[in-house]
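> I'd like to ask you about the structure that follows.
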Amino acid sequence: MTCIAIVGGTGLVGRALIETARAQGHRLRIAVRSHTPDWLLQLSQAAAGDCTTFSWQGGDAPFPGDEVRGCDALINLAGASIGDGRWTARRRELLRSSRIDTTVSLAAICRDASIPVLVNASGVAIYGLHAGEVDEEAPAHGEDFLAQLAQDWEAAALQAAPTTRVVLLRLGMVLSGQGSALQRIVPPWLPRFVPLVPLAGGRQGLPWIHLDVAASMLLAAATDAAWRGAVNGVAPDVATNAAFTRAAAAASGHFYFPLGPPALALRVALGRQADLVLADIRAIPKRAQAWNFAWRWPNLAMALENCLGNS
């Protein structure tokens, strides 16, 4: 049984991680802010001491190191949501501080408390807007906001090395039946007669990963000593925006129409946030494949059917 500390565990990916980790029998120490969600309270009560919470406000607030001392790994998912709110100067600063300040503190705790493993979330946006097909050997030299954010985030995590094994899991878009970016593409309230359309021509790559697989990857990174450095947390089924939209239409009972808004219209409507849908990144999970990771949902059509359920 492995003891794992989790920071940022009350969001979408964190909840899936916690539930998967408990199902595998791991002991958990989970950082929360002022409010512990009901689902986590119930899980903690049922776990009889094997799933406990402690309070930490994040950022540069003093971290209660004694709460995680003796843990075998620390998984960091902390960070304000990229997709929520306009990217004003104030919002961009929050996106940075909620990730980088927190991660600097956690890297220091890993060194001071001799935690053997730090698994830090990151994003495939690190490769830049026009990356094309990339694996983990590709340079992370994007110059846009998201790329710079991911680069600085990873640099903060690497401060835990060399005494701590650091894994940087570069996640693609996480697919889930509830609460994920998928609900922005296929809103539950959208009438079936409304078509789904590709964005900006649809030729840009759209890296993705099923929520269940993201949780399993995080645990593999925490428990398998072979995992280290940058890892693309994506499915091996590489898709374009058009292919993704077509598959989402089939899974949700909508029909697909091949003409959608052009890039200029998206830039006008979304500003900098258009980067989220215009970036052409075709990330390949080369390292996870080399380490024989098994994807429960490797196929896009199957993953979307699971999330959207055309019934």
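So the number in our numbering is just where the residue sits in the sequence shown, counting from 1, plus 3. C-beta atoms are modelled at their ideal positions from N, C-alpha and C, and glycine is treated no differently.
What are the uninterrupted segments assigned as alpha helix (DSSP H) that are 4 or more residues long and contained completely in the region 9-51, given in chain order?
Entirely contained in the region 9-51, the alpha helix (DSSP H) runs reaching 4 residues are, in chain order, 15-26, 41-50.
> Pair every Cβ in the region 56-64 with every Cβ in the region 16-36, then say whether three or more of these pairs are closer than 8 Å.
They touch, by the three-pair rule.
> Helix, strand or coil for Trp294 per DSSP?
If DSSP states are grouped into helix, strand and coil, Trp294 belongs with coil.
> Take Ala304 and list the residues in its own chain whose beta-carbon comes closer than 6 Å to its own, dropping the five residues that flank it on each side.
Correct list, in chain order: Ala250.
> If you scan the region 173-223 from start to end, which runs of the alpha helix (DSSP H) of 4 or more residues do you find wholly inside it?
Runs of the alpha helix (DSSP H) inside the region 173-223: 185-188.
> Nearest-angstrom Cα distance between Leu31 and Ala150?
Rounded to the nearest angstrom, the two C-alpha atoms are 31 Å apart.
> Is Leu299 helix, strand or coil by DSSP?
The displayed chain sequence assigns Arg, not Leu, to residue 299. Here Arg299 sits in coil by DSSP.
> Closest to Ala277 by CA distance: which of Pro40, Gly86, Pro301 is it?
Closest option to Ala277, Cα to Cα, is Gly86.
> What does Val137 pair with, by DSSP beta-bridge criteria?
BP columns for Val137 point to Ala286.
> Contact check, Tyr130 vs Ala141 under 8 Å by CB: the rounded distance?
Rounded, the Cβ-Cβ distance is 6 Å, consistent with contact.
> Mapping the DSSP letters down to three states, classify Leu311 as helix, strand or coil.
The answer is helix: DSSP assigns Leu311 an H, G or I state.
> Spatial neighbours of Leu161 within its chain, please: CB distance less than 7 Å, with the 5 preceding and 5 following residues excluded, ordered by chain position.
Excluding sequence neighbours, Leu161 sits near Val169.
> Check Ala225 in the structure and name its three-state DSSP category.
Ala225: helix per DSSP, three-state reduction.
> On the DSSP bridge list, what partners appear for Ala242?
In DSSP, Ala242 forms no bridge with anything.
> Once you ignore the five residues that flank Gly236 on each side, which residues in its own chain have a CB closer than 7 Å to its CB?
Excluding positions up to five away in sequence, the list reads Leu172, Arg173, Leu174, Gly175, Ile212, Ala217, Met220.
> Leaving out five residues on either side along the sequence, give the residues of the same chain with a beta carbon under 7 Å from the beta carbon of Gly11.
These residues qualify, in order along the chain: Gly17, Asn79, Leu80, Ala81, Gly82.
> If we count Cβ pairs, one from each stretch, closer than 8 Å, do we get three or more for the region 95-106 versus the region 247-263?
Judged by Cβ distances under 8 Å, the region 95-106 makes no contact with the region 247-263, as fewer than three pairs qualify.
> Excluding sequence positions up to five away, which residues of its chain have a Cβ less than 6 Å from the Cβ of Leu98?
Cβ within range, chain order: Ala83.
> In chain order, what residues of the same chain have a beta carbon less than 6 Å from the beta carbon of Ser101, not counting five sequence neighbours either side?
Excluding sequence neighbours, Ser101 sits near Gly82, Ala83.
> Write down the C-beta distance between Ile287 and Val241 rounded to the nearest angstrom, noting that I regard them as a contact closer than 8 Å.
7 Å between Cβ atoms; contact.
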